[in-house]
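Visitor: Just passing along the structure, written as structure tokens.
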Amino acid sequence: MGQTGTPKILVIDDEVAVVDVISDALREEGMEVLGVTDAEQGLRAFYQFRPDAVVLDLKMPRCDGWELCRRLRQVSFLPILMLTACSDGQDLIRGLNLGADDYMTKPFSLEILSARVRALLRRSRPQGSTLPILQAGDVTVDLVSRKVTVGERVVALTSKEFDLLACLVRNAGRIVLRNELVAQVWGDDACRSPQLLNLYIWYLRNRIEENPRKPRRITTWRGVGYRFVPVGQAT
Numbered sequence: 000m001g002q003t004g005t006p007k008i009l010v011i012d013d014e015v016a017v018v019d020v021i022s023d024a025l026r027e028e029g030m031e032v033l034g035v036t037d038a039e040q041g042l043r044a045f046y047q048f049r050p051d052a053v054v055l056d057l058k059m060p061r062c063d064g065w066e067l068c069r070r071l072r073q074v075s076f077l078p079i080l081m082l083t084a085c086s087d088g089q090d091l092i093r094g095l096n097l098g099a100d101d102y103m104t105k106p107f108s109l110e111i112l113s114a115r116v117r118a119l120l121r122r123s124r125p126q127g128s129t130l131p132i133l134q135a136g137d138v139t140v141d142l143v144s145r146k147v148t149v150g151e152r153v154v155a156l157t158s159k160e161f162d163l164l165a166c167l168v169r170n171a172g173r174i175v176l177r178n179e180l181v182a183q184v185w186g187d188d189a190c191r192s193p194q195l196l197n198l199y200i201w202y203l204r205n206r207i208e209e210n211p212r213k214p215r216r217i218t219t220w221r222g223v224g225y226r227f228v229p230v231g232q233a234t
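Sequential numbering of the sequence shown, starting at 0, is according to numbering that gives the first Met the number 0.
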């Protein structure tokens, strides 16, 4: 949500005219809208703009909408409304299986699109909360307040540290590849030095580990990635 409680919507479509008409329609409904025209811009905008919902065209050049849908669903439960020019049932099934919440086939009614976005926003906020709380062992990550606790201790993190920890905790128990972490936390073009990820892992270990030199929660799989191991429960 924006500072005034206005819903924030990210619109991603490679056709500028489509982005413009959707953005105008949603703004008329009182929403704050950011429109971009390719999936790479969309991924960066997701982390910077922090939308409440995404309207996503599934067939775009370069990193396509299918891949972006999958990557967004890995790190967030926010609603995704997919747009497709094809009414092929297999395309729709694929999009829904990748994590989209609803779909519309082009051409579509802007009035119906706006209504569906509003419905997705309502369903995504059970009991007044837009996103769930992640928990793995004794670590709790509140994605709404961006608050982290280890046991009873509140841990202060920077924005990037929080995003990195949230990604690891969401995937607790499995190895998250280095390039996945980089893309999900910094976007595709930001983390040019492999040492930057190592540095932030070190920062996190200093925040949440009893002994950062012998970490129990954030473990390294050399040359591959990192794995979050829940402490305080069976692994």
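C-beta: ideal position from N, C-alpha, C; glycine also. All of these numbers come straight from a predicted model, not from anything done at the bench.
Decide yes or no for the touch test of the region 63–72 against the region 139–155: beta carbon pairs closer than 8 Å, at least 3 of them.
Guide: Verdict: no, contact absent.
Visitor: Flag this pair as yes or no: are the beta carbons of Ala52 and Leu120 separated by less than 7 Å?
Guide: Contact flag set, yes.
Visitor: Can at least three beta-carbon pairs, one atom from the region 141–159 and one from the region 173–182, be found at a separation below 8 Å?
Guide: Judged by Cβ distances under 8 Å, the region 141–159 makes no contact with the region 173–182, as fewer than three pairs qualify.
Visitor: By the 10 Å Cβ neighbour count, where 16 or more other Cβ atoms means buried, how is Leu198 classified, buried or exposed?
Guide: So Leu198 ends up on the exposed side.
Visitor: Could you please give the first and the last residue of the uninterrupted beta strand (DSSP E) stretch that includes Gly224?
Guide: Start and end: Gly224 to Phe227.
Visitor: Does DSSP classify Val181 as helix, strand or coil?
Guide: Val181: helix per DSSP, three-state reduction.
Visitor: Have a look at Tyr46, Val10, Glu27 and Cys166 and flag the residue whose alpha-carbon is nearest the alpha-carbon of Leu57.
Guide: Of the candidates Tyr46, Val10, Glu27 and Cys166, the one whose C-alpha sits nearest the C-alpha of Leu57 is Val10.
Visitor: Would you call the CB atoms of Val54 and Leu91 closer than 7 Å?
Guide: Cβ atoms of Val54 and Leu91: not closer than 7 Å.
Visitor: For Trp220, does the count of other Cβ atoms within 10 angstroms reach 16, so buried, or fall short, so exposed?
Guide: With fewer than 16 other Cβ atoms within 10 Å, it is exposed.
Visitor: DSSP has Asp101 in a bridge; who is on the other side?
Guide: According to DSSP, which records beta bridges pairwise, Asp101 is partnered with Leu80.
Visitor: Going by the beta-carbon positions, is the gap between Val168 and Ile207 smaller than 7 Å?
Guide: Result no, Cβ atoms of Val168 and Ile207 do not sit closer than 7 Å.
Visitor: List the residues that DSSP assigns as beta-bridge partners of Ala52.
Guide: The partner list for Ala52 (beta bridge, DSSP) reads Ile8.
Visitor: Please name the residue, chosen from Ser22, Phe45, Gly224 and Asp162, that lies closest to Gln194 on a Cα-to-Cα basis.
Guide: For the residues Ser22, Phe45, Gly224 and Asp162, the minimum Cα distance to Gln194 belongs to Gly224.
Visitor: Quick check on DSSP: helix, strand or coil for Gly29?
Guide: In the structure shown, Gly29 sits in coil (DSSP, three-state: anything other than H, G, I, E or B).
Visitor: Tell me the DSSP secondary structure of Val153 in three-state form.
Guide: Strand at Val153.
Visitor: Output needed for Thr148: all residues of its chain with C-beta closer than 6 Å, excluding positions within five of it in sequence on either side, in chain order.
Guide: Excluding residues within five positions, the ones whose Cβ falls inside 6 Å are Thr139.
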